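Numbering (full-length UniProt numbering), first residue to last: 1 to 254.
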Amino acid sequence: MALLTAVLLGCVFFPLSYVCVRSWLARTWPHLTEADRAVLTGSAVSTLQGVLASLAGATIVSNCHDVMHDRHWLADWYAGFCLPYFGFDIWAMYQSSSSLASSEGRLSWATFLANRGTMIAHHVILPAILFPAMLLRRGLGDFFVGCFFLYEASSPFTNLRQALIQLNMKETGLYYVNGFLTLVTFFLCRIAILPFMLWAYGQQYGLLLTDVLYRLPWKCSAGCAVVMTFQCYWFTKMLQLVHRAVRNGILKQK
Numbered sequence: 001m002a003l004l005t006a007v008l009l010g011c012v013f014f015p016l017s018y019v020c021v022r023s024w025l026a027r028t029w030p031h032l033t034e035a036d037r038a039v040l041t042g043s044a045v046s047t048l049q050g051v052l053a054s055l056a057g058a059t060i061v062s063n064c065h066d067v068m069h070d071r072h073w074l075a076d077w078y079a080g081f082c083l084p085y086f087g088f089d090i091w092a093m094y095q096s097s098s099s100l101a102s103s104e105g106r107l108s109w110a111t112f113l114a115n116r117g118t119m120i121a122h123h124v125i126l127p128a129i130l131f132p133a134m135l136l137r138r139g140l141g142d143f144f145v146g147c148f149f150l151y152e153a154s155s156p157f158t159n160l161r162q163a164l165i166q167l168n169m170k171e172t173g174l175y176y177v178n179g180f181l182t183l184v185t186f187f188l189c190r191i192a193i194l195p196f197m198l199w200a201y202g203q204q205y206g207l208l209l210t211d212v213l214y215r216l217p218w219k220c221s222a223g224c225a226v227v228m229t230f231q232c233y234w235f236t237k238m239l240q241l242v243h244r245a246v247r248n249g250i251l252k253q254k
């Protein structure tokens with residue numbers, strides 16, 4: 001019942017946050033274009049979700065000293081609460097893409113899905129794997145659930161980047177500082193955290209890191225591999241963007 005309540009609250013919270021932020025932007029900065037409002041609103045709600053998930057994750061990890069058996073109510077509750085976010089964010093991304101393409105006519109869903117296929121797959125596959133895993137884990141591993149919530153710690157920086165691009169602030173110092181912080185937080189919270197999780201498990205049971213890999217059930221290994229594949233893909237794309245920006249900056253100086 002508590003899990004269902006959390007899901008229903010998420011169904012209300014994220015769309016309501018979107019409406020409130022968009023209304024506030026329209027009143028406070030009426031000069032913003034429709035595309036500006038759509039992008040900034042989507043980024044703001046995504047940032048809010050990232051902050052909430054990070055706080056939940058930090059709370060769980062800091063309170064679960066036994067990585068397998070310690071329990072924290074936020075592990076199940078926030079998993080249910082954030083489940084509707086993935087569907088909501090697909091809709092919010094469509095609103096942003098459609099507003100940006102409004103000069104060429106209304107963007108079709110087929111075109112949107114074709115252009116943002118990787119991100120859509122990310123938003124569909126992750127909850128399809130992780131939420132059933134939450135239900136089938138028999139109350140074990142709240143510590144690791146908290147670690148997965150910490151993945152979202154990089155979201156505020158990636159969303160600020162989108163907002164700065166939309167506001168034509170790519171040449172500002174804030175944009176470059178935020179880009180550096182995005183790379184650091186993404187690497188620490190989405191890539192390095194997986195070896196940390198394996199290390200924490202090994203520390204509790206006196207296992208080497210290599211032994212942990214053999215001891216994990218194949219379902220856990222497969223799920224982690226899928227998640228890590230997505231994260232490495234996005235990190236590679238981010239490094240390519242940084243390389244391109246640095247190269248263009250050098251060319252401009254010449």
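Ideal Cβ positions, reconstructed from N, Cα and C, are used throughout, including at glycine. Just so we're clear, the structure is a prediction, and the values are computed from it rather than from any experiment.
Would you give the residue range spanned by the alpha helix (DSSP H) that residue i belongs to?
i: residue 97; result: 73-100
i: residue 215; result: 209-215
i: residue 64; result: No alpha helix (DSSP H) contains residue 64, which DSSP labels as neither H nor E.
i: residue 30; result: Careful: residue 30 lies outside any alpha helix (DSSP H) and carries neither H nor E.
i: residue 197; result: 193-205
How is residue i classed by DSSP in three states: helix, strand or coil?
i: residue 127; result: helix
i: residue 106; result: coil
i: residue 119; result: helix
i: residue 1; result: coil
Under 8 Å between the Cβ atoms of residue i and residue j?
i: residue 78; j: residue 58; result: no
i: residue 166; j: residue 25; result: no
i: residue 64; j: residue 10; result: no
i: residue 236; j: residue 156; result: no
i: residue 186; j: residue 238; result: yes
i: residue 245; j: residue 146; result: no
i: residue 191; j: residue 232; result: yes
i: residue 38; j: residue 95; result: yes
i: residue 223; j: residue 128; result: no
i: residue 97; j: residue 112; result: yes
i: residue 154; j: residue 182; result: yes
i: residue 126; j: residue 7; result: no
i: residue 148; j: residue 130; result: yes
i: residue 140; j: residue 197; result: no
i: residue 201; j: residue 212; result: yes
i: residue 14; j: residue 122; result: no
Rounded to the nearest angstrom, how far is the Cβ of residue i from that of residue j, given a contact under 8 Å?
i: residue 150; j: residue 193; result: 6 Å
i: residue 93; j: residue 42; result: 7 Å
i: residue 178; j: residue 188; result: Actually they do not touch by this definition, with Cβ atoms about 16 Å apart.
i: residue 87; j: residue 3; result: Not quite, the Cβ-Cβ distance comes to about 17 Å (not below 8 Å), so this is no contact.
(request) Write down every uninterrupted run of the beta strand (DSSP E) in the stretch 135-178 whose length is 3 residues or greater and which is fully enclosed by it, in chain order. (result) none
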